[in-house]
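A.B. asks: Just passing along the structure, written as structure tokens.
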Amino acid sequence: MHAIEKIMARAAGEKEVTTGQIVNCRIDIAGINDLYLQTVRSFEEMGGIKVAAPDRVIVFFDHYAPASTIIQAENHKHFRTFCSQQGIEQLCDVNCGVCHQVLADRGMSGPGKIMVVTDSHTTTHGAFGAFGTGVGATDMGVILSTGSLWFRVPEIIRINLEGELGPGVSAKDLILHIIGKLGADHAVYKAVEFCGPLLKRLSISERMALCNMTTEMGAKTSYIQPDDITFDFLREKGVEKFETFFTDPDFSYAGEYNFNATGLTPRVAAPHSVDNVFPLEDYAGTRIDQAYLGTCTGGRVEDIASAAKVLGGRKVHPEVRFLVVPASKDVLLEAMAMGHIQTLVQAGATLVSPGCAACLGTHQGMLTDSEVCITSANRNFPGRMGDTGAKIFLSSPASVAAAAVAGEIVDPSPYFVTGRPL
Amino acid sequence: METQFIGRAFTFGKNIDTDQIYPGRFVELTREKDIARHAMEGADPEFVKQFKAGDIIVASTNFGCGSSREHAAITLKAVGTACIIAESFGRIFYRNAVNLGLPVLVCPGVSQHIDKGDELSVNIETGLIKDLTTGKDLHAQPLTGYPLKILSAGGIKTLIREKRTQRH
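Protein sequence lines, in the order shown, are assigned to chains A and B. Per the numbering used here, the first sequence starts with residue -8, numbered consecutively. Per the numbering used here, the second sequence starts with residue 28, numbered consecutively.
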């Protein structure tokens, strides 16, 4: 069996599970986002009166943090009442940040757990060896009612990462490259595991970016075998108890791929699809109106540090809005302590409170017709950040920062080559 | 559960994401009749004017990819979609649709054979799709197992409610 199958088997109380089998798994962490008051409605429509396991439920106000319309405020209010009535103590209000980052910051993402959030990017938690998957509101209503949920055991594909990432080239460039090669529907209904010598050297932050983006290949979940980097991270968060699962040597994958990062140049996903990936240089010179650094994909301390390296001593282009949105309060505090926020704001960045912000086109940096945005986020669908006539380019945090300075898409690599003047 | 539908086809291409099916800025809406007003707005602003209850959506691969927003399934159910046939579905959308009792059928190659406006007869138990306009027959993967059980109950809310009643 694969480690993912062992995690599912443990949660379902089965000795063994096989691909295609339907299993009912006990959910270790059930996260609800503020977008989906429907979760509460569905729970009530199912006849729910008392939440089955309130201590395993966590509610996040992240997509509307803070509320920007009366309806959003009303939805938040309903959630606060629901949590208080149901004894759900883990309510992350508007000052906390994006669900996936908050779960990582609090040491709640960890090996062997079944983590289900009403957010499609819950695949992120594969970075810690968890089974993380996104569900809709009514599936979450089932979890609130019963504490468990049914899953089909997925086929699993493995992506081996080799070589070295060059200066100014990041895990985000690599995963965009991979999605460009494999396609936006390559992993539909499947799980994606990352392995290989390069993967073993990547930080938790980079691993989270990889696993997060597997959603854009259609993946149900993702997985990275926990190692010393994972264990060090968990130790720092004060987490000592967890169960790590290992894949049996005779496990047969549904597909195996090799990607070598040596020589890879920065990438962009051009409008309007995440698999519409090209070398960034193909779009060099494209004028931008907005640069958006943030989200559960590219709003961590390392991402902000990389932007600060680019912006240090420079100014944001006068015709560009440069939005910086730390993924969580902890990220913001750490980036402040390191002086990065000071650097970025002095350079002309607009600092937005931790949360999803403009990513899904509800507030805090929406685009109008024909505007162009480059972002470290994960989606460039038509209308994703507002008007369907706006154009979104997905890139690494470094490329976002470099474009913010230049006012156009530009290769960020020169900022990262030591000893080479710009 | 009704297993046989006759309706007009509304066709879409590949990777129709949930932002196109239901734009993010309307996710704050919670009443079904409000949600119904924005169906497919990001893909085709004329959709709600032309689509009639009982019509059928036909799409290429990865229909409903992207966000987990159940609004995408709610809006298509609310406008009266009889069923959705696609070459593949985004997995969260697929689950959401089944949970709401909205039939979804996987039919490889379907987008090559059906044109907008074709009249279709669809049997979700056998997977047989008859294009009454062209006379062509297509075979979708029939729904089976737990998803069929959920659909047959009219959605998962009914199933959970029934289980709850049996326990007490």
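Cβ atoms here follow ideal geometry from the backbone N, Cα and C, with glycine treated the same way.
Taking 7 Å as the CB-CB limit, is B:Thr88 close to chain A?
C.D. replies: One-based indexing of the second sequence puts residue 88 of chain B at position 61. So, interface residue.
A.B. asks: Could you give the first and the last residue of the continuous beta strand (DSSP E) run that contains A:Ile23?
C.D. replies: Here residue 23 of chain A corresponds to residue number 32 of the first sequence, with the count starting at 1. Note, A:Ile23: beta strand (DSSP E), Ile20 to Asn24.
A.B. asks: Taking A:Leu28 as the query, report the chain B residues whose CB atoms sit under 8 Å from its CB, ordered along the chain.
C.D. replies: Residue numbering aside, residue 28 of chain A sits at position 37 when the first sequence is read from its first letter. Residues of chain B passing the Cβ test: Thr57.
A.B. asks: Pull up the DSSP beta-bridge partners for A:Val292, would you.
C.D. replies: Locating residue 292 of chain A in the first sequence gives position 301, counting from the first residue. The partner list for A:Val292 (beta bridge, DSSP) is empty, contrary to what the question assumes.
A.B. asks: Leaving aside the five residues before and after A:Lys6 along the sequence, list all residues of the same chain whose C-beta is less than 8 Å from its C-beta, in chain order.
C.D. replies: Here residue 6 of chain A is taken as the residue at index 15 of the first sequence, counted from 1. Hits under 8 Å: Ala0.
A.B. asks: Just checking, does the region 166 to 173 of chain B make contact with the region 112 to 121 of chain A on the three C-beta pairs under 8 Å criterion?
C.D. replies: No, the region 166 to 173 of chain B is not in contact with the region 112 to 121 of chain A.
A.B. asks: Assuming A:Asp266 and A:Gly346 make a contact with CB atoms under 8 Å, what is their CB distance in whole Å?
C.D. replies: By 1-based counting over the first sequence, the position of residue 266 of chain A is 275. By 1-based counting over the first sequence, the position of residue 346 of chain A is 355. Going by Cβ atoms, the distance from A:Asp266 to A:Gly346 rounds to 27 Å, so no, they are not a contact pair.
A.B. asks: Name the chain C residues whose beta carbon is nearer than 8 Å to that of B:Lys184?
C.D. replies: Absent from the structure is chain C; the protein chains it does hold are A and B.
A.B. asks: What is the C-beta distance between A:Ala175 and B:Asn123, in whole angstroms, given that I count them as a contact (C-beta under 8 Å)?
C.D. replies: In the first sequence, counting from the first residue as 1, residue 175 of chain A sits at position 184. In the second sequence, counting from the first residue as 1, residue 123 of chain B sits at position 96. Going by Cβ atoms, the distance from A:Ala175 to B:Asn123 rounds to 19 Å, so no, they are not a contact pair.
A.B. asks: Run through the DSSP bridge pairs and tell me what B:Thr38 is partnered with.
C.D. replies: For the purposes of this step, residue 38 of chain B is identified with residue 11 of the second sequence, where counting begins at 1. Answer is B:Val85.
A.B. asks: A:Ala121 and A:Ala162: beta carbons closer than 7 Å?
C.D. replies: Position 130 of the first sequence, counting from 1, holds the residue named residue 121 of chain A. Position 171 of the first sequence, counting from 1, holds the residue named residue 162 of chain A. Result no, Cβ atoms of A:Ala121 and A:Ala162 do not sit closer than 7 Å.
A.B. asks: Pull up the distance between the alpha-carbon of B:Leu186 and that of B:Ala180, whole angstroms please.
C.D. replies: Here residue 186 of chain B is taken as the residue at index 159 of the second sequence, counted from 1. Here residue 180 of chain B is taken as the residue at index 153 of the second sequence, counted from 1. Cα to Cα, B:Leu186 sits roughly 6 Å from B:Ala180.
A.B. asks: For chain B, find out if any of its Cβ atoms is closer than 7 Å to the Cβ of A:Thr353; answer yes or no.
C.D. replies: Indexing the first sequence from 1 puts residue 353 of chain A at position 362. By this cut-off, A:Thr353 is an interface position.
A.B. asks: Would you kindly report the start and end of the unbroken alpha helix (DSSP H) that includes A:Gln77?
C.D. replies: Taking the first sequence and counting its residues from 1, the one referred to as residue 77 of chain A is at position 86. Segment Ile61 to Gln77, the alpha helix (DSSP H) holding A:Gln77.
A.B. asks: Are the beta-carbon atoms of A:Gly105 and A:Asp19 separated by less than 7 Å?
C.D. replies: For this step, residue 105 of chain A is matched to residue 114 along the first sequence. For this step, residue 19 of chain A is matched to residue 28 along the first sequence. Residue identity check: residue 105 of chain A is Ile in the sequence provided, not Gly. For A:Ile105 and A:Asp19, yes; Cβs fall inside 7 Å.
A.B. asks: Cα-Cα, which of A:Val133, A:Ser59 and A:Gln76 is closest to A:Ala21?
C.D. replies: In the first sequence, counting from the first residue as 1, residue 21 of chain A sits at position 30. Residue A:Val133 is the option with its Cα nearest to A:Ala21.
A.B. asks: Kindly indicate which three-state DSSP category A:Lys382 falls into: helix, strand or coil?
C.D. replies: Looking up residue 382 of chain A in the first sequence gives position 391. Residue state, collapsed to three classes: strand.
A.B. asks: I need the straight-line Cα distance from B:Gly136 to A:Leu302, nearest angstrom please.
C.D. replies: Start at 1 with the first residue of the second sequence, and residue 136 of chain B comes out as number 109. Start at 1 with the first residue of the first sequence, and residue 302 of chain A comes out as number 311. Cα to Cα, B:Gly136 sits roughly 49 Å from A:Leu302.
A.B. asks: Return no unless some Cβ of chain A is closer than 7 Å to the Cβ of B:Tyr173.
C.D. replies: The sequence position of residue 173 of chain B within the second sequence is 146, counting from 1. Interface residue, yes.
A.B. asks: Locate the alpha helix (DSSP H) running through A:Asn424, then write down its first and last residues.
C.D. replies: Nothing about residue 424 of chain A can be reported from this structure: the residues present for chain A run from -8 to 413 only.
A.B. asks: How about B:Ile43 and B:Ile84: do their beta carbons lie closer than 7 Å?
C.D. replies: Taking the first residue of the second sequence as 1, we reach residue 43 of chain B at position 16. Taking the first residue of the second sequence as 1, we reach residue 84 of chain B at position 57. Their beta carbons are not under 7 Å apart, which means B:Ile43 does not touch B:Ile84 by this criterion.
A.B. asks: Is A:Glu293 near A:Ser196, with beta carbons less than 7 Å apart?
C.D. replies: Residue 293 of chain A sits at position 302 when you count from the first residue of the first sequence. Residue 196 of chain A sits at position 205 when you count from the first residue of the first sequence. Their beta carbons are under 7 Å apart, which means A:Glu293 touches A:Ser196 by this criterion.
A.B. asks: Just the C-alpha distance for B:Ile119 and A:Lys306, rounded to the nearest angstrom, thanks.
C.D. replies: Locating residue 119 of chain B in the second sequence gives position 92, where the first residue counts as 1. Locating residue 306 of chain A in the first sequence gives position 315, where the first residue counts as 1. Distance between the alpha carbons of B:Ile119 and A:Lys306: 42 Å.
A.B. asks: Taking a cut of 9 Å between CB atoms, which residues from the region 361 to 395 of chain A lie near chain B?
C.D. replies: Under the 9 Å Cβ criterion, the region 361 to 395 of chain A contributes Arg370, Phe372, Pro373, Gly374, Arg375, Met376, Gly377 and Thr379.
A.B. asks: For A:Thr212, report the span of its beta strand (DSSP E) as first-last.
C.D. replies: Stepping through the first sequence from its first residue, residue 212 of chain A is reached at position 221. Element bounds for A:Thr212: Thr212 to Ile215.
A.B. asks: Going by DSSP, name the residue or residues bridged to A:Pro270.
C.D. replies: To locate residue 270 of chain A, count along the first sequence from 1; it is residue 279. DSSP lists A:Arg258 as partners of A:Pro270.
A.B. asks: For A:Ile105, does the three-state DSSP call read helix, strand or coil?
C.D. replies: By 1-based counting over the first sequence, the position of residue 105 of chain A is 114. Strand at A:Ile105.
A.B. asks: At what residues does the beta strand (DSSP E) containing A:Phe51 begin and finish?
C.D. replies: One-based indexing of the first sequence puts residue 51 of chain A at position 60. Start and end: Val48 to Phe51.
A.B. asks: Short of 6 Å in beta carbon distance, which residues of its chain neighbour B:Phe32, apart from the five on each side in sequence? Order them along the chain.
C.D. replies: Looking up residue 32 of chain B in the second sequence gives position 5. Hits under 6 Å: Ala109, Cys110 and Val149.
A.B. asks: For the alpha helix (DSSP H) containing A:Ser139, name the first residue and the last one.
C.D. replies: Your numbering for residue 139 of chain A matches position 148 in the first sequence. Unbroken run through A:Ser139 is the beta strand (DSSP E), Ser139 to Arg143; no alpha helix (DSSP H).
A.B. asks: Which stretch, first to last residue, makes up the beta strand (DSSP E) that contains A:Arg149?
C.D. replies: As a working note, residue 149 of chain A is residue 158 in the first sequence. From DSSP, the beta strand (DSSP E) with A:Arg149 extends over Ile147 to Glu153.
A.B. asks: What residues in the region 163 to 182 of chain A bring their beta carbon closer than 8 Å to a beta carbon of chain B?
C.D. replies: So the list reads Ala175, Asp176, Val179 and Tyr180, given in the order they occur along the chain.
A.B. asks: Is the beta carbon of B:Leu56 sitting closer than 7 Å to the one on B:Ile48?
C.D. replies: For the purposes of this step, residue 56 of chain B is taken as residue 29 along the second sequence, with counting starting at 1. For the purposes of this step, residue 48 of chain B is taken as residue 21 along the second sequence, with counting starting at 1. Result no, Cβ atoms of B:Leu56 and B:Ile48 do not sit closer than 7 Å.
A.B. asks: I need the boundaries of the alpha helix (DSSP H) containing A:Cys90, first residue and last residue.
C.D. replies: Taking the first sequence and counting its residues from 1, one reaches residue 90 of chain A at position 99. Its alpha helix (DSSP H) spans residues Cys90 to Asp96.
A.B. asks: Which residues in the same chain as A:Leu167 place their Cβ atom closer than 6 Å to its Cβ, once the five residues preceding and following it in sequence are excluded?
C.D. replies: Walking along the first sequence from the start, residue 167 of chain A turns up at place 176. The residues are Arg258, Ala260 and Val268.
A.B. asks: Short check: CB of B:Gly154 to CB of B:His140, under 7 Å?
C.D. replies: In the second sequence, residue 154 of chain B corresponds to position 127, counting from 1. In the second sequence, residue 140 of chain B corresponds to position 113, counting from 1. No, the Cβ-Cβ distance between B:Gly154 and B:His140 is not below 7 Å.
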